[in-house]
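Worksheet: one structure, shown below.
Spelled out as structure tokens, the structure:
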């Protein structure tokens with residue numbers, strides 16, 4: 287079992303404090319665990335930019351983890367696979383009839399796209415590894431880095447899921463796809479759809495299912511609904527202007543998903559969760575324990591967790607993933623992006639990872655037996671300073687590991 291040396295802790299502490307003192311990031315946190323326990327938790331800066339009264343970022347600070355929601359919702363459906371409620375080859379149209387007649391667009395950039403019917407039905411496996419053909423709209427957004435409209439719209443109270451589907455279809459007669467299911471990779475609404483499947487199969491609101499079967503067993507307070515009490519602990523979202531300065535992000539800078547509890551009418555499995563980093567790290571530690579066959583009351587089987595670290599994409603899918611992704615030499619499993627080579631001085635081959643749109647990141651390295659999370663709240667996504675600190679923190683973590 288690995289540990290982090292005092293020198294390693296000091297190195298990460300300095301990376302975090304330098305980022306704040308140099309004005310690059312207003313507030314952030316980085317945490318790491320081995321299979322048994324947390325080995326580091328570091329934080330620096332203020333919860334709200336330029337507001338000392340807001341308090342400092344700490345272990346109880348809440349982050350909008352955006353696409354890190356996807357791993358949790360993938361785990362939820364994998365639990366139902368293990369219970370025999372659904373199979374990897376199950377046709378989604380059997381559960382959600384809205385997917386019975388998908389269409390493949392000839393040119394998704396066209397104002398009035400032409401299309402043809404898809405020959406291959408979408409299965410759960412296609413949703414899990416983003417090979418269904420569902421995609422985030424390629425049409426111009428305002429601003430260009432904004433989330434797609436189905437995420438930022440005020441969803442109908444009476445039929446929020448139906449409204450979500452309508453926003454995806456954009457007036458087309460069927461669910462629009464970029465390619466035949468199973469043949470390629472496109473990052474899109476796949477895990478949102480999986481969330482709707484979980485609700486349909488269990489008869490439970492996605493928030494309630496995750497709470498009962500994932501969050502409570504692991505002692506997590508992660509949620510789709512930010513209560514007034516949680517809001518007091520939430521790290522403020524910031525917008526980096528073109529001159530590099532940071533200001534609090536408002537709807538004038540970037541349209542956002544509904545954030546207040548009373549405005550959330552649908553659980554968005556691709557982007558909707560809020561969590562402390564310590565809670566998210568507890569989930570990653572549990573996956574390490576299951577992978578090693580050492581978990582108490584595991585939420586998934588060892589066999590299923592091993593599949594989370596096995597590649598699934600076709601060659602064309604790998605090419606598309608590596609074009610889309612900021613990482614190189616990547617693959618996708620049934621729930622994680624994977625690196626297929628060792629990273630010098632960092633995570634090992636076969637590690638799983640992803641990130642959130644608003645500036646949160648994680649990885650799980652079963653070979654080394656560690657996992658880490660990192661977060662701030664800065665948009666547009668993939669902010670250079672945010673990515674730099676994450677990379678430096680990871681290298682300092684590995685450099686400081688000791689047996």
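Numbering (this note's numbering), first residue to last: 287 to 689.
Note that beta-carbon positions come from the ideal geometry of N, C-alpha and C, so glycine has one too.
One alpha carbon belongs to residue 619, the other to residue 659, and they sit about 20 Å apart. Contiguous beta strand (DSSP E) elements confined to the region 544 to 573 occur at 559 to 562, taking only those with 3 or more residues. Looking at the backbone, the Cα of residue 499 and that of residue 587 are separated by about 14 Å. Partner residues in the beta bridge of residue 352, as assigned by DSSP, are 559. In this structure, residue 328 lies away from residue 313, with their beta-carbon atoms at least 8 Å apart. Taking C-beta atoms as the reference points, residue 458 and residue 439 fail to come closer than 8 Å. From the listed residues 408, 422, 384 and 414, the smallest Cα separation to residue 395 is found for 422.
Scanning 465, 348, 651 and 306 for the CA closest to the CA of residue 635 turns up 651.
Secondary structure remark: continuous beta strand (DSSP E) runs of at least 3 residues inside the region 465 to 548, in chain order: 524 to 526 and 532 to 534. Minimum Cα-Cα distance from residue 472 among the listed residues 680, 599 and 511 corresponds to 599. Non-local C-beta neighbours of residue 385 in its own chain, meaning closer than 6 Å and more than five positions away in sequence, comprise 378, 379, 408 and 461, ordered along the chain. For residue 347, the three-state secondary structure derived from DSSP is coil. Contact between residue 558 and residue 510 holds, since their C-beta atoms are separated by about 5 Å, short of 8 Å. Beta bridge pairing from DSSP links residue 683 with no other residue. When DSSP states are grouped into helix, strand and coil, residue 633 belongs to the coil group.
Counting only runs of 3 or more residues that sit fully inside the region 287 to 347, the beta strand (DSSP E) segments are 313 to 320 and 324 to 331, in chain order. For residue 603, the enclosing alpha helix (DSSP H) has its first and last residue at 601 to 610.
The beta carbon of residue 470 sits closer than 6 Å to those of 602, 603 and 606, all from its chain and outside the five residues before and after it, given in chain order.
Among the bridge pairs identified by DSSP, residue 664 is matched with 524. Listed in chain order, the non-local C-beta contacts of residue 298 below 7 Å within the same chain comprise 316, 326, 328, 679, 682 and 683, local neighbours out to five positions each way being set aside. The C-beta distance from residue 311 to residue 662 rounds to 5 Å, short enough to meet the 8 Å contact threshold. By the CB criterion at 8 Å, residue 645 and residue 672 fall inside the cutoff. Pairing residue 346 with residue 522, the inter-Cα distance amounts to about 14 Å. By the criterion of at least three beta-carbon pairs nearer than 8 Å, the region 550 to 557 is in contact with the region 350 to 365. Sequence-distant partners of residue 429 (beyond 5 residues in either direction) whose C-beta falls short of 7 Å from its own C-beta, in its chain, are 540.
Where residue 402 is concerned, the enclosing beta strand (DSSP E) starts and stops at 401 to 403.
Scanning 447, 402 and 475 for the CA closest to the CA of residue 434 turns up 475. Under DSSP, residue 650 takes part in a beta bridge, and its partners are 638 and 657. In this structure, residue 465 lies near residue 419, with their beta-carbon atoms less than 8 Å apart.
Secondary structure of residue 622 (DSSP, three-state): coil. Secondary-structure assignment with DSSP links residue 390 through a beta bridge to 402 and 463.
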